[in-house]
Ligand SMILES: Nc1nc2c(c(=O)[nH]1)N[C@H]1C(S)=C(S)[C@@H](COP(=O)(O)OP(=O)(O)OC[C@H]3O[C@@H](n4cnc5c(N)ncnc54)[C@H](O)[C@@H]3O)O[C@H]1N2
Ligand code: MOO
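Numbering (full-length UniProt numbering), first residue to last: 1 to 601.
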């Protein structure tokens, strides 16, 4: 290989490098690629983001190759290998007509920059947001416990050294919310003379010891039982849950059925074709077929008694004297669906607790159901709190758009709930009390007001109403102030934090398992996938990180994952569950798949 080779096709577009190429970047790229190549020649394998193509050409991405493949282990390359550097996945240079912007992978801006080796702190990567997982820097959102970059081992060390505080170099303990918040049992030092608007109420904060994330999910899953059952026509059952198993009312198929258009034949051929009309689907009684005879038959028609097979129309010819000849060997039972092949009367087809999908409706209909017994969808009301929230138009004068109202309803429906109302209440404590007293839904979801700010009324209101707090704060980032309460009348309330990504974390941590329990569905089977990159962890809390699934099934963490951000989430397929201490590249993570209510694949 020669340096000339490396220089000859830098852009991978067949053109010599142009003057506007980033020369420093190319030089770095060349040096790095040569080092990698030497490594590959020694049989050391190729690290992520580099590809050795079968022809021996070395593909290299010095900018960002979001889908860089791991080709390791790679056989040693012969010294004679022709090497050319190519940028993989670079955006085309032609601007989009009219916009001046280059077309690009919509995900590219969300992906972690190549070579960072860590999920970036959005503060450092120029997002203008000092939030999210810090990478060696402080976190203005008090997430200073996020372990520093540098691999899982280092994170584990950081976690061990400072289980409740910041990892080394990641900020000051004073910025940790847990440290800043007084314990729930502290007396009210604020004094009763202060107005509710200026002072957090005593005990209106998350407790000193938040519930670990896995335990919080279990509490939510065990907090409620089914709401009751009812019989509904199968046309209305979609999205509800089978209260009793679906048992086959008949054999399926319920008669020996022709799988093809052709002839029902009896015994070995040739056969004499009789019965002018043939047998159509839906015919009641049919005459038996004697050996050596055939009759035309349609797909789905009853196979006559005595028939031994069906000969497809394209596999037989009828001679001038009505003799049917087979052009292929016909085996016994060929193209006949025997009665009971799929199920026999009394077989349990689906267990109680099955979510009724279109396919379940089809199966129920196929085996004779007009009605099914279901657990109805839990009824849910969403109360959006916050005077600062606008329902329409541009954010202005310190006011922002309500991002949760539009998001929660569709996701709740996808989780099996019936959303009866989404109400915007503002920040009046009395409005919240009134709405809770008036509500009759199985579950109330509130957004905002869970923390200790002057207008955070959720805790005090729950206390006034005599609610029982089942979960009061969860060791998860974002979303740690989330809570689950049982109201006096046995209904439930999930309090979601106001920061939008934190609210989504609460939705999938507490509301999703509770909705399953209310609907009588068993807890979701956890699904797991490997992460393609290091994902830093919090020192003591679980992190929920927006990820996309690559085509090979590995997960790529996305940027813009700060608690107040939605940009990463909007590009995500799932939330990866990152345990305290973080994940190394290749580690398996539990995955909370984000439902797609719009039906997109
Ligand atoms: N002293 C402390 N302050 C805060 C702590 C803490 O531990 N100690 N935790 C922070 C964290 S973390 C979160 S999360 C929030 C939770 O606060 P609340 O649940 O009380 O929510 P709000 O204060 O009402 O709002 C927080 C934030 O989110 C915006 N927001 C609210 N609702 C919406 C909506 N529907 N759409 C878009 N944005 C919304 C709101 O304007 C605030 O910016 O508390 C921290 N503080
Ligand atoms: O980080 Mo907060 O936990 O946004 O919910």
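Cβ coordinates follow ideal geometry from the N, Cα and C atoms, glycine included.
Contact test: residue i Cβ vs ligand 1 heavy atom, cutoff 7 Å
i: residue 388; result: yes
i: residue 234; result: no
i: residue 472; result: no
i: residue 384; result: yes
i: residue 587; result: no
i: residue 449; result: yes
i: residue 404; result: yes
i: residue 395; result: no
i: residue 253; result: no
Neighbour-count burial assignment, residue i, 16 or more Cβ in a 10 Å radius
i: residue 540; result: buried
i: residue 358; result: exposed
i: residue 377; result: buried
i: residue 231; result: exposed
i: residue 417; result: buried
i: residue 180; result: Only weak support is given to the placement of residue 180: the predicted model assigns it a pLDDT of 24, under 50, and the value that follows is read from those uncertain coordinates. Its Cβ having fewer than 16 others within 10 Å, residue 180 is exposed.
i: residue 406; result: exposed
i: residue 489; result: exposed
i: residue 399; result: exposed
i: residue 118; result: Low confidence applies to residue 118: its pLDDT is 44, below 50, so where it sits in the model is not reliable enough to give any reading.
i: residue 268; result: exposed
i: residue 437; result: exposed
i: residue 321; result: exposed
i: residue 533; result: buried
i: residue 528; result: exposed
i: residue 281; result: exposed
i: residue 394; result: exposed
i: residue 551; result: exposed
i: residue 457; result: buried
i: residue 498; result: buried
i: residue 402; result: buried
i: residue 578; result: buried
i: residue 420; result: exposed
i: residue 51; result: Confidence at residue 51 is low in this model, with a pLDDT of 41, below 50, so its placement is unreliable and the value that follows should be read with caution. Looking at its Cβ environment, which holds 16 or more other Cβ atoms inside 10 Å, residue 51 is buried.
i: residue 210; result: buried
Within 8 Å, strictly: CB atoms of residue i and residue j
i: residue 530; j: residue 571; result: no
i: residue 466; j: residue 506; result: no
i: residue 589; j: residue 555; result: yes
i: residue 482; j: residue 450; result: yes
i: residue 558; j: residue 111; result: yes
i: residue 266; j: residue 291; result: yes
i: residue 273; j: residue 298; result: no
i: residue 409; j: residue 372; result: no
i: residue 366; j: residue 470; result: no
i: residue 564; j: residue 496; result: no
i: residue 522; j: residue 353; result: yes
i: residue 547; j: residue 503; result: no
i: residue 423; j: residue 384; result: yes
i: residue 491; j: residue 468; result: no
i: residue 603; j: residue 312; result: This structure cannot speak to residue 603, because the chain is shown only from 1 to 601.
Check: residue i C-beta below 7 Å from any heavy atom of ligand 2
i: residue 492; result: no
i: residue 416; result: no
i: residue 538; result: no
i: residue 479; result: yes
i: residue 475; result: no
i: residue 502; result: yes
i: residue 563; result: yes
i: residue 351; result: no
i: residue 580; result: no
i: residue 460; result: no
Presumed contact (8 Å Cβ cut-off) between residue i and residue j, rounded CB distance
i: residue 227; j: residue 442; result: 6 Å
i: residue 360; j: residue 229; result: The Cβ separation is near 16 Å, so there is no contact.
i: residue 317; j: residue 325; result: 5 Å
i: residue 508; j: residue 592; result: 5 Å
i: residue 581; j: residue 537; result: 5 Å
i: residue 247; j: residue 346; result: 6 Å
i: residue 238; j: residue 356; result: 6 Å
i: residue 476; j: residue 213; result: 4 Å
i: residue 583; j: residue 535; result: 4 Å
i: residue 549; j: residue 560; result: With 8 Å as the limit, residue 549 and residue 560 do not qualify as a contact, their Cβ atoms being about 18 Å apart.
i: residue 296; j: residue 263; result: 6 Å
Kindly confirm or deny that the stretch 325 to 336 and the stretch 258 to 270 touch, where touching means at least three C-beta pairs closer than 8 Å. yes
Across the stretch 239 to 251 and the stretch 285 to 302, are there enough close Cβ pairs to call them in contact, namely three or more that are closer than 8 Å? no
Does the structure place the stretch 455 to 475 close enough to the stretch 514 to 521 that three or more beta carbon pairs sit under 8 Å? no
Segment contact, 8 Å Cβ cut-off, at least three pairs: the stretch 384 to 392 with the stretch 424 to 431: yes
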